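>
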Amino acid sequence: MFIPQLANDLSIAVFVMLLIVFVPFPLIIIFPLIPALFISDRLKEHRVKFIRNIAGKLGITSKVEVNFELKIK
Numbered sequence: 004m005f006i007p008q009l010a011n012d013l014s015i016a017v018f019v020m021l022l023i024v025f026v027p028f029p030l031i032i033i034f035p036l037i038p039a040l041f042i043s044d045r046l047k048e049h050r051v052k053f054i055r056n057i058a059g060k061l062g063i064t065s066k067v068e069v070n071f072e073l074k075i076k
């Protein structure tokens, strides 16, 4: 495993510093990501409402479903 090997190669002070820095690193990335996902979802809903409103003013009332297929040969 990486951590015991690292502990053998480095001094205790450097090892403790690395633990303090790298252990909370995933949490530092995840916590700002959660509100960003909520904001992104709200913006998507707003864009859809806006486009449907403009389409309604232009007389477009039906919905279109588009399917994309990936063909790899």
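Just so you know, we're using my numbering here: the sequence shown kicks off at 4 and counts up by one. Glycine included, C-beta positions come from ideal geometry on N, C-alpha and C. These figures come from a predicted structure and were not determined experimentally.
Tell me where the alpha helix (DSSP H) around PHE28 begins and ends.
Where PHE28 is concerned, the enclosing alpha helix (DSSP H) stretches over 28–61.
> Spatial neighbours of LYS66 within its chain, please: C-beta separation below 6 Å, excluding the five flanking residues on both sides.
Contacts found: none.
> Could you tell me the distance, in whole angstroms, from the CA atom of PRO38 to the CA atom of THR64?
Between PRO38 and THR64, the C-alpha separation is close to 33 Å.
> When the Cα atoms are used, what is the spatial distance from ILE31 to PHE25?
Cα to Cα, the separation comes out at about 10 Å.
> Helix, strand or coil: which one does DSSP assign to LEU73?
Three-state result, LEU73: coil.
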